[in-house]
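**Q** One structure is given below, represented as structure tokens, and several questions about it will come after.
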Amino acid sequence: MEHVVRFRGAICLLGRFPALAGVDLDVSAGEIVLLQGPNGAGKTTVLRACAGLVPVVDGEAEVLGVDLRHDHRAVRGMVGLLGHASGLYEDLTVADNVRFWARAARARRADADAAMARLGLDGRLADVPVARLSAGQRRRTSLAVLVARRPRLWLLDEPHAALDRDGRDLVDGLMRDAVAAGATVLFASHELDRAIDVAHRTVVLAGGTSQDTADRRDEDPLAAPVPDGEVPVA
Amino acid sequence: MPEQSSGVAVAFADARLVAAKDLRVEWRSRVVLSQLVPFAILVLVLFGFALDPDRTVLERATPGLFWLAVLFSTVLALQRAFSVESADGVTDALRLSGLDPAGIFLGKAAGIAVQLLLLQVVLLAGVSLFYGATPHGPVLMVSTCLAATVGLASVGSIYGVLSAGLRVRDSLLPLLLLPILAPVLIAATQAFTAAYERTSGEGWRWFALLGVFACLYLAIGIFAFDQLLEES
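For the record, the sequence lines run as chains A and B. Numbering of the first sequence is given in this note's numbering, commencing with residue 121 and proceeding in unit increments. Numbering of the second sequence is given in this note's numbering, commencing with residue 43 and proceeding in unit increments.
If you want it as structure tokens, here you go:
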């Protein structure tokens with residue numbers, strides 16, 4: 121199967137600190153992969169490296185056919201990153217923000233409006249400035265931007281954070297829909313009960329290195345989730 | 043060649059998108075209206091208080107005082123324009139947006155330029171009202187305002203993005219900016235002086251200097267903004 125993400129011994133530095141110290145990671149097209157690990161394990165750095173925001177200084181790193189060692193910026197237009205920050209303009213309304221970022225990604229206004237509707241932002245909330253939104257509503261707006269941009273690779277850092285139960289269900293549905301539409305999802309989460317259910321596979325990061333679990337897609341869907349981190353990657 | 047022209051078209055489309063967004067941010071927040079314009083008028087009034095005992099000096103100094111007020115207001119406008127780009131992950135979102143960096147630069151500069159031009163209209167009315175200065179040579183004055191504004195907005199966008207990611211940006215930006223903008227202050231003041239004194243021939247030479255300055259920094263911004271955005 122075609123690799124969307126392929127890291128071999130990838131090393132990333134934040135200042136002089138090796139935030140990734142030789143990560144091996146394979147993500148195939150159409151997969152939903154959960155990055156798991158304690159705080160400081162390197163989950164956010166992996167996602168940012170995949171987005172071309174953190175340079176890979178050693179090893180091999182390829183995302184969507186782009187060699188990140190050669191040109192880490194070339195991949196940016198093809199990925200969507202939901203980080204800890206909202207990436208929204210506080211003074212603009214929800215609709216202003218979603219339409220601006222959608223148009224920046226060459227998406228149509230109809231795509232932006234459909235994304236707002238999908239995230240439940242098409243009513244009264246559409247005209248509310250982001251500065252007046254709750255944390256959960258901001259998260260929904262950031263997700264609407266991501267949906268409107270239709271990236272080929274979704275990179276989600278704690279996507280369930282700040283959302284209520286309906287919102288979390290919605291995020292899980294968005295990930296499944298994205299994959300059904302041909303995209304690939306790599307996400308980090310501490311909400312393991314929920315995240316393991318939606319993920320096809322789990323990659324465990326610890327101290328800037330990685331381990332991988334087996335693919336769950338061939339399993340009985342009613343079976344208990346696979347425990348994390350047993351099968352080391354070569 | 044068609045590829046090159048489509049690249050230019052994309053850059054201009056992105057510039058229009060970014061400028062419209064910046065003007066919408068201003069329309070929604072009203073910062074220029076509620077803070078920048080009052081600040082600029084206050085500067086004019088304070089200059090007036092300082093020089094009022096000698097009305098002749100005040101009249102002769104009108105061009106310089108006008109452009110000093112514009113310069114101080116420019117610093118505030120730039121701090122505002124780039125603080126919205128560095129808040130809550132917006133810088134990363136811009137990098138990932140797919141927008142042409144040259145388009146982002148042109149759009150930021152255009153948004154700032156529109157706000158500065160509106161401010162200059164208010165300030166021209168202010169110097170007429172407070173200092174009793176009657177403008178002459180409208181073509182030279184308008185041309186000077188346009189060229190100086192392009193220069194201010196271009197330099198400001200370059201240094202604005204450079205300092206945007208820094209914690210000390212509020213104090214660093216004026217330190218970086220004011221020395222670089224000294225030629226604009228000098229040339230625009232001289233061109234305005236010529237307009238007020240009805241010696242337009244002299245003024246057009248200063249206008250030409252403003253034009254060169256504006257073109258130089260526009261070109262630098264278009265070609266360097268990609269790297270500047272990366273480093274910010």
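No residue lacks a Cβ here, since even glycine has one placed at the ideal position from N, Cα and C.
Closer than 8 Å by beta-carbon distance: list the chain A residues that pair up with D130/B, in chain order.
**A** By Cβ distance, chain A contributes A205, S206, G207, L208 and E210.
**Q** Among L214/B, E127/B, L120/B and P221/B, which has the Cα closest to the Cα of T195/B?
**A** Residue identity check: residue 195/B is Ala in the sequence provided, not Thr. The shortest C-alpha separation from A195/B is found at L120/B.
**Q** Please say whether V85/B and V164/B have beta carbons closer to each other than 8 Å?
**A** Cβ atoms of V164/B and V85/B: not closer than 8 Å.
**Q** Whose C-alpha, out of W221/A, P249/A and V324/A, is nearest the C-alpha of V60/B?
**A** Here the closest residue by C-alpha is W221/A.
**Q** Given a limit of 7 Å on CB to CB distance, which residues of the stretch 59-92 of chain B reach chain A?
**A** Result list: L59, K63, R66, V67, R70 and S71.
**Q** State yes or no: is the beta carbon of L173/A nearer than 8 Å to at least one beta carbon in chain B?
**A** So, interface residue.
**Q** In its own chain, which residues sit with a C-beta less than 6 Å from the C-beta of L133/A, not counting the 5 before and 5 after it?
**A** So the qualifying residues of the chain are V177.
**Q** What number of angstroms, rounded off, separates the C-alpha of D134/B from the C-alpha of D277/A?
**A** Roughly 14 Å between the two C-alpha positions.
**Q** With R196/A and A224/A assumed to form a contact (beta carbons below 8 Å), what rounded beta-carbon distance in angstroms separates them?
**A** That pair is no contact at about 12 Å.
**Q** Around the C-beta of V181/B, are 16 or more other C-beta atoms found within 10 angstroms, so that it is buried, or is it exposed?
**A** Classification for V181/B: exposed.
**Q** Please confirm if A225/A has its CB atom under 8 Å from at least one CB of chain B.
**A** Cβ-Cβ to chain B under 8 Å: yes for A225/A.
**Q** Express the C-alpha separation of Y173/B and E101/B in angstroms, rounding to a whole number.
**A** Distance between the alpha carbons of E101/B and Y173/B: 6 Å.
**Q** Considering only residues of the same chain and omitting the five flanking positions on each side of H192/A, which have a CB-CB separation below 6 Å?
**A** So the qualifying residues of the chain are G172 and P175.
**Q** Counting pairs of Cβ atoms below 8 Å between the stretch 298-308 of chain A and the stretch 142-162 of chain A, do you hit three or more?
**A** Flag = yes, the stretch 298-308 of chain A and the stretch 142-162 of chain A touch.
**Q** Would you verify that the beta carbon of D216/A is, or is not, closer than 8 Å to some beta carbon of chain B?
**A** Output row for D216/A: interface = yes.
**Q** Determine whether the Cβ of D134/B lies closer than 8 Å to any Cβ atom of chain A.
**A** So yes, D134/B belongs to the interface.
**Q** In terms of residue numbering, what span does the alpha helix (DSSP H) encompassing Q232/B cover?
**A** Unbroken alpha helix (DSSP H) run through Q232/B: R211 to Y238.
**Q** For P249/A, would you say it is in contact with chain B, using Cβ-to-Cβ distances shorter than 8 Å as the test?
**A** So, interface residue.
**Q** With DSSP run on the structure shown, which of helix, strand or coil describes L260/B?
**A** Three-state DSSP puts L260/B in a helix.
**Q** Quick one: residues in its chain with C-beta nearer than 8 Å to the C-beta of L161/B, no 5 flanking neighbours on either side, listed in chain order?
**A** Excluding positions up to five away in sequence, the list reads V74, L78, V79, A82, V112, S115 and A119.
**Q** Would you list the one or two residues that DSSP bridges to A181/A?
**A** Beta-bridge pairing links A181/A to F127/A.
**Q** In terms of DSSP beta bridges, what is I152/A paired with?
**A** For I152/A, which the question treats as bridged, DSSP gives the partners V305/A.
**Q** How about R70/B and L212/A: do their beta carbons lie closer than 8 Å?
**A** Taking 8 Å as the Cβ cut-off, R70/B and L212/A qualify as a contacting pair.
**Q** So, is the C-beta of W221/A closer than 8 Å to a C-beta in chain B?
**A** So, interface residue.
**Q** For a quick check, are the C-beta atoms of L255/B and M183/B less than 8 Å apart?
**A** The sequence shown places Phe at residue 255/B, not Leu. No, these two residues do not count as a Cβ contact at 8 Å.
**Q** Taking the C-alpha atoms as reference points, what is the distance between I146/B and T304/A?
**A** If you take the alpha carbons of I146/B and T304/A, they lie about 29 Å apart.
**Q** Excluding sequence positions up to five away, which residues of its chain have a Cβ less than 6 Å from the Cβ of V169/B?
**A** Here the set comprises T104, F108 and A175.
**Q** Taking the alpha helix (DSSP H) that L165/B belongs to, which residues open and close that run?
**A** P143 to Y173 is the extent of the alpha helix (DSSP H) around L165/B.
**Q** With a threshold of 6 Å on Cβ separation, who are the neighbours of R126/A within its own chain once the five nearest residues in sequence on each side are excluded?
**A** Excluding sequence neighbours, R126/A sits near D146 and E182.
**Q** Apart from the five residues just before and just after L263/A, which ones in its own chain have a Cβ nearer than 6 Å to its Cβ?
**A** Excluding sequence neighbours, L263/A sits near L239.
**Q** Got a sec? Which residues, its chain only, sit under 7 Å from H178/B by beta carbon, not counting five neighbours each side?
**A** Taken in chain order, the residues that qualify are A237, Y238 and R240.
**Q** Here's the rule I'm using: 16 or more other beta-carbon atoms within 10 Å means buried, otherwise exposed. How should H190/A be labelled?
**A** Exposed: under 16 other Cβ atoms inside 10 Å.
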